[in-house]
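Data block below; observations after.
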Amino acid sequence: MIRITILLVLLAQTTVAQKLKKKDKVVFTNLQKHVSFLADDKLEGRRTGTNGEKLAYEYISSEFSKAGLIAKGDNNTYLQAFEVNEGKEVNKPTHLIIDGNDLQLDKDYFPFVFSPNKSVEAATAIALPERGTLHFWDLNEVLEENKNNPHFDIQDTLKTKVTSATEKGATGLIVYNTSTINDDFKFETKAKTETTAIPVVYVQKGIANKFFKDKEFNDVLSKVFNINFPTDGSFFKTFFYEEVIRWFINTKKIKIPNDYKKLLVHYYPTEKYLKKNDRKLIASVLDVYQIKSKVTIKLLHEKPNIDLGSLYMLCYLFGNNYQKYIGSINKDLFGTTSDNDKGHLIGASSLKMMENIRDRIKNHGYDISDIEKENLLSVLTSETEKGISVDENFMGLVMDHFRMLSKIREYDSNIRMRATSPTKFHTEHNELSRMISAIKKGWVIQYFYPEETVRQIQQPISCEKKSELWKHSSNGNKELITTISDGEIMIHPYVLTREEEYVEEGRFMHHCVASYAETDTSIIVSLRTEDKQDRVTCEFKISDGRMVQSKYFSNAQPPKHYQNAIDDVSDLIRMHARFGTLNWLKKDRVPVMINGVEIAPEMREPRRLIDILDLDDALPLPF
C-alpha cells in the first residue's frame, strides 16, 4: 500500500443568463483564475501521487487560508491523508535462489502479477521439462518467429505457455529472454488477471546467461554421443539441428548435396523412396512429389533450399511437359524455405502435408490452355520488368488466379489468362477479383463524397525517393552515412468509394482493408505510384480527419519516400474535416457492371462482399 495525500475539489461551470453585477464580476473573475490554475498542463492532470497533485493541494490550501477558513485537517492543516490501493506489490519475503545464490528482486528477477503465493524447490534440467519440476521458457524462438507479425501478442502467448506447463505437471515456470528483441515484460501492478495454479517468474538476461547452461545434462549427452556440447545455452540448436542430423545421415547412408539440412529437415522422403532412388536425397524427395526429372534434379542441386511447395504447384500448372517451362526460369527467381526449420524434425509430417496439397490441386479441376502456360512463363521471365519471385506468396496468387478463372468460365467460356508481365498479371488479378464479386452478389456499396473534396484529395504529389547508405560501427550497430536522391516520383492519392475497390486494395496489399467497406466512420485513401504497383493504404477518421493508420504491403510500415505524400494528404483531410466537407453525402447499393453488362446476383439475400468471396476455398499455402 502506498500512502498518498489527496484532496478533491469539484467545480461546477455555470452559465450567466443576465448581466453580471460588479460584485458578481469579482467572484466570476476569481473562479476563472482558480480554474485556469488547476486545469493548467503543469499540474499533469492532478493524478494521485504526482507533483501536479501536490501543487494543486498546496494552492487550494493557500486559498483556504486567505479566505480565513479554519483548518480541521491533519496536524491543523487543510489536508486529510488516506491510503489508496495502487494495485499489487511483491511481498518482502519473496526470494528466488539459484544454486545457493539469493537473487535481487526487481534487478535480477520479478514474479508475474498473476503468480500465486507458493514455495517451490526443485533440482531440474532445463532441457528436460518433466512432471513435478520447474519448467523453463526461453522467449528467443517465439520472438524471432514473430518479429514481423503485427498481430503477435506476447501476453496471450505467455498465458498459453503457462496453461500448457500447468497441464504438463510443472511446479512453476521460469521465463527468460536470450534474444536481442525486447519482450516488454514487467511487473504490472494494476493488471487484472486471474491467479494461475503455478508461480511464474521472469529472470533477466544476465542471470539467465550465468545460471541456465544445464552443464550436468550436457555432460551426460556428451558421454552418450561422444560429442562436446556447448554450455552457453545453445544446446538445442547444436544438438538437434546439427549433430543428430549428421548422425542420422550417416546411419541411413543418405547421399546428400552440399547444402542439405533444410531439404532433409523439411522434406524427408522416408525409407521407401530412398531405397527406390539409390539413397539419393534430392531424387528421393522429388520422386515423393512426382516431379523428378533432369531439370528439377539439377535445379535442387544448384539451389537445395528451394521452396519445394511452390515448385510443385508450378510444375502441376505447367502439366506433363513441365520440364520445358521450369528449365526456362532463372533459378534465382525460386524462393527458399523459411529460416525456421524447427517445425519439421526428421520423420515429420511434411510428406502427408504435400500429399494433401497434391490431392486438393488435382481435384480442383483447373483447365489451363497452352497459351495460358506460355503467358504464365512470360510473367515469370519478363525481359521488360523485374522477374517475380516464385515463392509461397506469389504461388498463392497464381493458384487463386486460375481458381477465379475457372469460376468465371462458368459464365463466360472465353475468358483466359492474358497477362504477359508482372504488372499486367496484378492488373488482371484485380479485375478477376471484381468479376468474382459481381458474380456472387451483383451489387456493391458505394459512398458518395462531395466531388470537390475528392478532386482536391486526389491531386498528384511529388515526392523525392532516396537511397540510404549504412555502415557497421565498431559496437555492432548500423550507422547512417548519407542519403542519395534517386529522383522524384509522383504519388497519386485515390479515394476508395466502392466496395470492390476495398476488396481489390486488400487483395493487392495483403491486408484486411476489405473488411472496412461498411465502416462508414472512416475514409480510406490509397497512395499509389503511376503504375499502381506500389501503394500505401491510409485510414482517416471522418469526424476529425485524424489518421488512424498507414500500411504498406502485408501491414509493413510505409517507405520513407511516401512520408511527404502522407503528410500532405493528412493535412488536407484534417482541413476538410474541420469544414465538414469530408462527410459522405449518401451510402447506397449500386449494380456491378462487367464489360458494360449488369450482373444479376446469384443469391436472393445479399450479404457483405467480404463474406461471400469464397476466400476459404482458395488453396492454402503449404508452409
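Following my numbering, the numbering of the sequence shown begins with 437 at its first residue and continues without gaps.
Quick reminder that beta carbons are idealized off the backbone N, C-alpha and C, glycines included.
With 16 other Cβ atoms within 10 Å as the buried cut-off, status of residue i
i: Ser720; result: buried
i: His827; result: The residue asked about is misnamed: residue 827 is Asp in this sequence, not His. Per the 10 Å Cβ criterion, buried.
i: Lys469; result: exposed
i: Lys502; result: exposed
i: Ile959; result: buried
i: Glu940; result: buried
i: Cys974; result: buried
i: Leu505; result: exposed
i: Pro896; result: exposed
i: Phe518; result: exposed
i: Gly783; result: Any reading at Gly783 needs caution, since the residue's pLDDT is 37, under 50, leaving its predicted position unreliable; the model's value is listed next. The residue is exposed, with fewer than 16 neighbouring Cβ atoms inside 10 Å.
i: Thr732; result: buried
i: Asn487; result: exposed
i: Glu887; result: exposed
i: Lys877; result: buried
i: His587; result: exposed
Whole-number beta carbon distance between residue j and residue i, since they are thought to touch under 8 Å
i: Gly981; j: Arg934; result: No, Gly981 and Arg934 are not in contact; Cβ-Cβ is about 22 Å, not under 8 Å.
i: Ile872; j: Ile844; result: 7 Å
i: Val984; j: Val961; result: Actually they are not in contact, since the Cβ atoms of Val984 and Val961 sit about 11 Å apart, beyond 8 Å.
i: Pro929; j: Leu963; result: 6 Å
i: Pro547; j: Pro635; result: 6 Å
i: Val972; j: Ser986; result: 6 Å
i: Trp879; j: Arg1025; result: 5 Å
i: Tyr696; j: Leu717; result: 6 Å
i: Ile690; j: Arg715; result: 6 Å
i: Lys809; j: Tyr761; result: 7 Å
i: Thr602; j: Val549; result: About 17 Å separates the two Cβ atoms, so there is no contact after all.
Residue i - DSSP class collapsed to helix/strand/coil
i: Asn537; result: strand
i: Arg839; result: helix
i: Ser600; result: helix
i: Lys902; result: strand
i: Asp768; result: helix
i: Trp683; result: helix
i: Phe884; result: strand
i: Gly1016; result: coil
i: Met853; result: coil
i: Ile590; result: helix
i: Glu581; result: helix
i: Leu515; result: coil
i: Cys948; result: coil
i: Ser979; result: coil
i: Pro705; result: coil
i: Lys622; result: coil
i: Leu505; result: coil
i: Asp714; result: coil
Nearest-angstrom Cα separation, counted from residue j out to residue i
i: Val680; j: Phe989; result: 39 Å
i: Glu707; j: Asp768; result: 31 Å
i: Ile851; j: Lys728; result: 33 Å
i: Met840; j: Thr687; result: 48 Å
i: Leu594; j: Lys478; result: 39 Å
i: Ala633; j: Lys730; result: 59 Å
i: Asn1019; j: Glu525; result: 49 Å
i: His947; j: His865; result: 16 Å
i: Asn585; j: Gln993; result: 12 Å
i: Leu532; j: Pro565; result: 19 Å
i: Leu735; j: Val637; result: 50 Å
i: Gln591; j: Ile824; result: 37 Å
i: Thr607; j: Glu624; result: 23 Å
i: Gly410; j: Glu966; result: Look at the range of the chain in this structure, 437 to 1059, and you will see that residue 410 is not part of it.
i: Glu819; j: Lys860; result: 14 Å
i: Gly745; j: Met945; result: 23 Å
i: Val387; j: Val724; result: Nothing can be reported for residue 387: it is not among the residues displayed for the chain, which extend from 437 to 1059.
i: Ala507; j: Phe500; result: 8 Å
i: Asn392; j: Leu700; result: Residue 392 lies beyond the stretch modelled for the chain, which goes from 437 to 1059, so this question has no answer here.
i: Ser842; j: Glu900; result: 43 Å
i: Glu867; j: Val1028; result: 12 Å
i: Lys554; j: Val598; result: 15 Å
i: Ile927; j: Ser849; result: 38 Å
i: Leu609; j: Ile643; result: 15 Å
i: Ser497; j: Glu489; result: 12 Å
i: Phe838; j: Gly832; result: 10 Å
Short CB-CB distance (under 8 Å) between residue i and chain C
i: Glu525; result: As a matter of chain content, chain C is missing from the structure shown, which is built from one protein chain.
Check: residue i C-beta below 7 Å from any heavy atom of the ligand GTP
i: Asp1004; result: Ligands displayed in this structure: none; no statement on the ligand GTP is therefore possible.
Contact the segment 530 to 548 vs the segment 573 to 585: 3+ CB pairs below 8 Å: No: the two stretches stay apart, fewer than three of their Cβ pairs being nearer than 8 Å.
Inter-stretch contact at 8 Å, needing at least 3 Cβ pairs: the segment 740 to 748 / the segment 707 to 716: Contact annotation: the segment 740 to 748 does not touch the segment 707 to 716, with fewer than three C-beta pairs closer than 8 Å.
Inter-stretch contact (C-beta, 8 Å, three-pair minimum) for the segment 810 to 827 and the segment 856 to 870: Short answer: they touch.
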